[in-house]
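Student: Line order of the protein sequences matches chains A and B. Quick note, the first sequence lines up with residues 1 to 311 if you use the UniProt record's numbering. Quick note, the second sequence lines up with residues 1 to 208 if you use the UniProt record's numbering. Below you'll find the structure I mean.
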Amino acid sequence: MWRITGGLFLGWSLGANHSANIFGTAVASGLVRFSQAVWLTAAYVVLGAAAEGTKCMATYSKLAALHADAAFALTVATAVTMTGLTRAGVPASTSQALVGAIIGWSLLDTTADFSQLFKIVVCWVLTPVAAVVSSTVLHRGLERLVVKRIRSFSARNRFFLVGVLLTGCYAAYGLGANSVANVTGVYVNAGLLREDMGALLGGLSIAAGILTYSRRVMLTVGKGIVPLDPFSAMVVVFAEAATLHLFTQLRVPVSSSQAVVGAVLGVGVAKDLKTINARTVLKIAFGWVLTPVGAGALALGAHALMNALGL
Amino acid sequence: MLKKFMRGDRKEEAALTAMHEHLDLLCAAGQTLTELLSAGGKDLVDKIFDLEREGDTARRRVLSIIFEGAFLPYLRPNLCRFVELVDEAFDTVEDTARYFDLIALHPTIAEECRRIASFNQQMCEILILAFELAVRGEDIREQVLAIRILEKRVDDLKGDIYQKIHEVPVADFWQGKFYADFLHSLTAFSDLIEDASDALYVLTVSFR
Numbered sequence: 001m002w003r004i005t006g007g008l009f010l011g012w013s014l015g016a017n018h019s020a021n022i023f024g025t026a027v028a029s030g031l032v033r034f035s036q037a038v039w040l041t042a043a044y045v046v047l048g049a050a051a052e053g054t055k056c057m058a059t060y061s062k063l064a065a066l067h068a069d070a071a072f073a074l075t076v077a078t079a080v081t082m083t084g085l086t087r088a089g090v091p092a093s094t095s096q097a098l099v100g101a102i103i104g105w106s107l108l109d110t111t112a113d114f115s116q117l118f119k120i121v122v123c124w125v126l127t128p129v130a131a132v133v134s135s136t137v138l139h140r141g142l143e144r145l146v147v148k149r150i151r152s153f154s155a156r157n158r159f160f161l162v163g164v165l166l167t168g169c170y171a172a173y174g175l176g177a178n179s180v181a182n183v184t185g186v187y188v189n190a191g192l193l194r195e196d197m198g199a200l201l202g203g204l205s206i207a208a209g210i211l212t213y214s215r216r217v218m219l220t221v222g223k224g225i226v227p228l229d230p231f232s233a234m235v236v237v238f239a240e241a242a243t244l245h246l247f248t249q250l251r252v253p254v255s256s257s258q259a260v261v262g263a264v265l266g267v268g269v270a271k272d273l274k275t276i277n278a279r280t281v282l283k284i285a286f287g288w289v290l291t292p293v294g295a296g297a298l299a300l301g302a303h304a305l306m307n308a309l310g311l
Numbered sequence: 001m002l003k004k005f006m007r008g009d010r011k012e013e014a015a016l017t018a019m020h021e022h023l024d025l026l027c028a029a030g031q032t033l034t035e036l037l038s039a040g041g042k043d044l045v046d047k048i049f050d051l052e053r054e055g056d057t058a059r060r061r062v063l064s065i066i067f068e069g070a071f072l073p074y075l076r077p078n079l080c081r082f083v084e085l086v087d088e089a090f091d092t093v094e095d096t097a098r099y100f101d102l103i104a105l106h107p108t109i110a111e112e113c114r115r116i117a118s119f120n121q122q123m124c125e126i127l128i129l130a131f132e133l134a135v136r137g138e139d140i141r142e143q144v145l146a147i148r149i150l151e152k153r154v155d156d157l158k159g160d161i162y163q164k165i166h167e168v169p170v171a172d173f174w175q176g177k178f179y180a181d182f183l184h185s186l187t188a189f190s191d192l193i194e195d196a197s198d199a200l201y202v203l204t205v206s207f208r
């Protein structure tokens, strides 16, 4: 049972890092207090994980057959890869790192199901695309149908305030539902945890990361996004939430960071195509390749070493 | 947070009401200055001083409501800038009244000064209208343009005054200084109202 500590640690770091994508802008700009933001995010992450977190667990089970030691090694390899890429400033995805690690690990015992991998890779590519599309549609649609009809200063102010809180809660729910499989999915696959228990434990570990270690990342990310106007910031979080929720229904864990970047690009498309930075797009593409390959190589090396040592 | 939801937009409404009050007081001060330049009188000078003090109270109320959390943080700097510009304009009205009390307005430039005061008053009234429209989410481009046109007229009158100023006899250094300060504060008002209208326009654009 001690092996699940690897997954819980991964969940804790995921919570500490990814919560910034939800209320980062609102906290950095003083719209929502940090304590309110973390408690709301934690509560909705646990709710999302408990309500819909099991949907994505099966994807990892279908990808490769894993045993308990493998699950521990994979979560550690994922955590190491994530730390390295985060330090290098590459937008890295936990789900991509974990899938890369599972494939790397299973190359030696040939248990990988590459048809399942194809489905996952397609969803990765579609994540920022779906975020761009939903963000563009939401921006144009809400602007035309809602924002332009709310003319008074104070009513519009209230709409943005309530909108930021509601979309933030929805995004936290989406993060919990989609990302919890990254944390405990491999343990469910290895038979160490039941699906519902895995979802709850994973959700709690993500919530622990949000509550204890998210302040710095939240302020750093939030201050970086502040130049967005309140409406665009709200649309970005809403599009991120909708994208995560969509892929949860497709039962594939995807990257919330890349959904956010895609949503920001979508706002750029809705406003003016010239605002899109080609370098950012290339950086995402670079992350798609580097994250699973890095984690896969690390897991493959760990598996080869364990085989050589007879473990 | 629940309180914030329940309380709704009362803070915003309170801030907007205080801002409107601040502008009304400025408009009253501008009107009093126009009367002062036409009729003179110590009581009108004192009235302007009183209005300026009330304006300061209104400004402090607006800023404290904003500081307590009214409006999105994104809007607060522009709102505060608008309030500060209106307050600076208030200060110039007070200065103009103070210096007017220390000089005897020479007939050579008296008409131009009265016309500038009248334009200043009109600009105040247009600024209030622009503020009311902005609060309702309506376009204020026409009002901003009208303020710019009036500011240009004030600039033209300022040029005329400087053409004639050497005809005004000055008894000593201090009288000359008070004259110069009087003309400076009288003409600086329109620049500040123009800046305030620009700040208001930026505010409406940033909130679209």
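All C-beta atoms, glycine included, are put in the ideal place defined by N, C-alpha and C.
So Phe23(A) contacts chain B; which residues on that side make the cut at Cβ distance below 8 angstroms?
Tutor: Position 23 of the first sequence, counted from the first residue, corresponds to residue 23(A). Within 8 angstroms Cβ-Cβ: nothing; Phe23(A) doesn't reach chain B, min ~12 angstroms.
Student: Strictly under 7 angstroms for the Cβ-Cβ distance: is Ser19(A) near chain B by that measure?
Tutor: If you number the first sequence from 1, residue 19(A) lands on position 19. Not one chain B Cβ lies under 7 angstroms of Ser19(A).
Student: Pick out the complete beta strand (DSSP E) segments inside the region 28-71 of chain A, 3 residues or longer, and give them in chain order.
Tutor: none
Student: How should Ser64(B) be labelled, buried or exposed, when 16 other C-beta atoms within 10 angstroms of its C-beta is the threshold for buried?
Tutor: Residue 64(B) sits at position 64 when you count from the first residue of the second sequence. Exposed.
Student: Run down chain B in chain order and give the residues with a C-beta less than 7 angstroms from the C-beta of Pro230(A).
Tutor: Working through the first sequence from its first residue, we reach residue 230(A) at position 230. Within 7 angstroms Cβ-Cβ: Leu72, Tyr74.
Student: Who are the neighbours of Ser35(A) on chain B, taking C-beta pairs under 9 angstroms?
Tutor: For the purposes of this step, residue 35(A) is identified with residue 35 of the first sequence, where counting begins at 1. Neighbours of Ser35(A) on chain B: none; closest Cβ ~10 angstroms, over 9 angstroms.
Student: Measuring only between beta-carbons, confirm whether Leu145(A) sits less than 7 angstroms from chain B.
Tutor: Residue numbering aside, residue 145(A) sits at position 145 when the first sequence is read from its first letter. It does not: the Cβ of Leu145(A) has no partner Cβ on chain B nearer than 7 angstroms.
Student: So Val45(A) packs on Gly191(A), CB below 8 angstroms; how close in whole Å?
Tutor: Taking the first sequence and counting its residues from 1, the one referred to as residue 45(A) is at position 45. Taking the first sequence and counting its residues from 1, the one referred to as residue 191(A) is at position 191. Wrong, their Cβ atoms sit about 25 angstroms apart, outside the cutoff.
Student: Return the residues of the region 153-180 of chain A that lie within a Cβ-Cβ distance of less than 9 angstroms from chain B, sorted by chain order.
Tutor: Cβ contacts with chain B come from Phe153, Ser154, Ala155, Arg156, Asn157, Arg158, Phe160, Leu161, Val162, Val164, Leu165.
Student: For Tyr74(B), name the three-state secondary structure that DSSP assigns.
Tutor: As a working mapping, residue 74(B) is identified with position 74 in the second sequence. The answer is coil: DSSP assigns Tyr74(B) none of H, G, I, E or B.
Student: With DSSP as the reference, label His139(A) as helix, strand or coil.
Tutor: Sequence index remark: in the first sequence, residue 139(A) carries index 139 (1-based). Reduced to three states, the DSSP call for His139(A) is helix.
Student: If you measure from the beta carbon of Leu211(A) to each beta carbon in chain B, is any gap under 7 angstroms?
Tutor: The sequence position of residue 211(A) within the first sequence is 211, counting from 1. Not an interface residue.
Student: Enumerate in chain order the residues of its own chain whose CB-to-CB distance from Leu47(A) is below 7 angstroms, with the five nearest sequence positions on each side excluded.
Tutor: The sequence position of residue 47(A) within the first sequence is 47, counting from 1. The residues are Tyr173, Gly176.
Student: Helix, strand or coil, according to DSSP, for Pro169(B) in the structure here?
Tutor: Position 169 of the second sequence, counted from the start, is the residue given in the question as residue 169(B). In this structure, Pro169(B) counts as coil in the three-state DSSP scheme.
Student: Does Ser214(A) get closer than 7 angstroms to chain B when you measure Cβ to Cβ?
Tutor: Mapped onto the first sequence, residue 214(A) falls at position 214. No, its Cβ sits nowhere closer than 7 angstroms to a Cβ of chain B.
Student: Shortest alpha-carbon distance to residue 254(B) belongs to which of Thr92(B), Pro107(B), Glu52(B)?
Tutor: The question about residue 254(B) has no answer here: the residues shown for chain B are numbered 1 through 208.
Student: For Ala188(B) versus Thr32(B), is the C-beta distance shorter than 7 angstroms?
Tutor: Taking the second sequence and counting its residues from 1, the one referred to as residue 188(B) is at position 188. Taking the second sequence and counting its residues from 1, the one referred to as residue 32(B) is at position 32. Cβ atoms of Ala188(B) and Thr32(B): not closer than 7 angstroms.
Student: Indicate whether at least one CB of chain A lies closer than 7 angstroms to the CB of Ala18(B).
Tutor: Along the second sequence, one-based indexing puts residue 18(B) at 18. Interface annotation, Ala18(B): not in contact with chain A, CB-CB separation never under 7 angstroms.
Student: Measuring alpha carbon to alpha carbon, tell me which of Leu150(B), Ala110(B), Leu75(B), Glu112(B) ends up nearest Thr204(B).
Tutor: Start at 1 with the first residue of the second sequence, and residue 204(B) comes out as number 204. Checking every option, the nearest Cα to that of Thr204(B) belongs to Leu75(B).
Student: Smallest Cα separation from Lys271(A): which of Ser19(A), Ala241(A), Thr25(A), Asp229(A)?
Tutor: Locating residue 271(A) in the first sequence gives position 271, counting from the first residue. Nearest of Ser19(A), Ala241(A), Thr25(A), Asp229(A) to Lys271(A), Cα basis: Asp229(A).
Student: For the alpha helix (DSSP H) containing Asp196(A), name the first residue and the last one.
Tutor: As a first step, residue 196(A) must be located in the first sequence, where it is residue number 196. First-last of the alpha helix (DSSP H) with Asp196(A): 195-213.
Student: Pick from Met123(B), Ser38(B), Leu16(B): whose alpha carbon is nearest that of Glu142(B)?
Tutor: Here residue 142(B) refers to the residue found at position 142 of the second sequence. Restricting attention to Met123(B), Ser38(B), Leu16(B), the CA atom closest to the CA of Glu142(B) is found in Met123(B).
Student: Under 7 angstroms between the Cβ atoms of Ala285(A) and Ala263(A)?
Tutor: Residue 285(A) sits at position 285 when you count from the first residue of the first sequence. Residue 263(A) sits at position 263 when you count from the first residue of the first sequence. In this structure, Ala285(A) lies away from Ala263(A), with their beta-carbon atoms at least 7 angstroms apart.
Student: Output the distance between the C-alpha atoms of Lys11(B) and Leu40(A), rounded to the nearest integer angstrom.
Tutor: The residue labelled residue 11(B) in the question sits at position 11 within the second sequence. The residue labelled residue 40(A) in the question sits at position 40 within the first sequence. The alpha-carbon atoms of Lys11(B) and Leu40(A) are separated by roughly 24 angstroms.
Student: Using a C-beta to C-beta distance shorter than 7 angstroms, which residues of chain A count as neighbours of Gly55(B)?
Tutor: As a position in the second sequence, residue 55(B) is number 55, starting the count at 1. Within chain A, no residue comes near Gly55(B); the closest Cβ sits about 22 angstroms away, beyond 7 angstroms.
Student: Could you tell me whether the region 129-147 of chain B touches the region 182-197 of chain B, where touching means 3 or more Cβ pairs closer than 8 angstroms?
Tutor: yes
Student: Give me the Cα-Cα distance between Val99(A) and Ala208(A), rounded to the nearest whole angstrom.
Tutor: Within the first sequence, numbered from 1, the residue matching residue 99(A) stands at position 99. Within the first sequence, numbered from 1, the residue matching residue 208(A) stands at position 208. Between Val99(A) and Ala208(A), the C-alpha separation is close to 24 angstroms.
Student: Return the residue from the list Ala58(B), Phe178(B), Thr17(B), Asn78(B) that minimises the CA-CA distance to Tyr201(B).
Tutor: As a first step, residue 201(B) is located in the second sequence; it is residue number 201 there, counting from the start. Per the Cα distances, Asn78(B).
Student: Does the contact criterion of 3 or more C-beta pairs under 8 angstroms hold for the region 67-79 of chain A versus the region 97-117 of chain A?
Tutor: yes
Student: Which of helix, strand or coil does DSSP assign to Thr167(A)?
Tutor: Counting from one through the first sequence, the residue named residue 167(A) turns up at place 167. Here Thr167(A) sits in helix by DSSP.
Student: By Cβ distance below 7 angstroms, which residues in the same chain neighbour Glu195(A) in space, the five residues on each side in sequence not counted?
Tutor: Numbered from its first residue, the first sequence carries residue 195(A) at position 195. So the list reads Thr54, Met57, Val188, once near-sequence residues are dropped.
Student: Taking C-alpha atoms, which residue in Val32(A), His303(A), Leu290(A), Leu193(A) lies nearest to Met82(A)?
Tutor: On the first sequence, position 82 is the one that residue 82(A) refers to. Selected option, being the one with the closest Cα: Leu290(A).
Student: DSSP three-state call for Pro230(A): helix, strand or coil?
Tutor: As a working note, residue 230(A) is residue 230 in the first sequence. In the structure shown, Pro230(A) sits in a helix (DSSP, three-state: H, G or I).
Student: Ala134(B) versus chain A: which residues are under 9 angstroms apart at the beta carbon?
Tutor: Here the question's residue 134(B) lines up with position 134 in the second sequence. Going along chain A in sequence order, the residues near Ala134(B) (Cβ under 9 angstroms) are Phe153.
Student: First and last residue of the alpha helix (DSSP H) that includes Lys148(A)?
Tutor: Here residue 148(A) refers to the residue found at position 148 when the first sequence is read from its first residue. Careful: Lys148(A) lies outside any alpha helix (DSSP H) and carries neither H nor E.
Student: Please list the residues of the region 34-65 of chain A that have a C-beta atom closer than 8 angstroms to any C-beta atom in chain B, keeping them in chain order.
Tutor: Within the region 34-65 of chain A, the residues whose Cβ lies closer than 8 angstroms to some Cβ of chain B are Gln36, listed in chain order.
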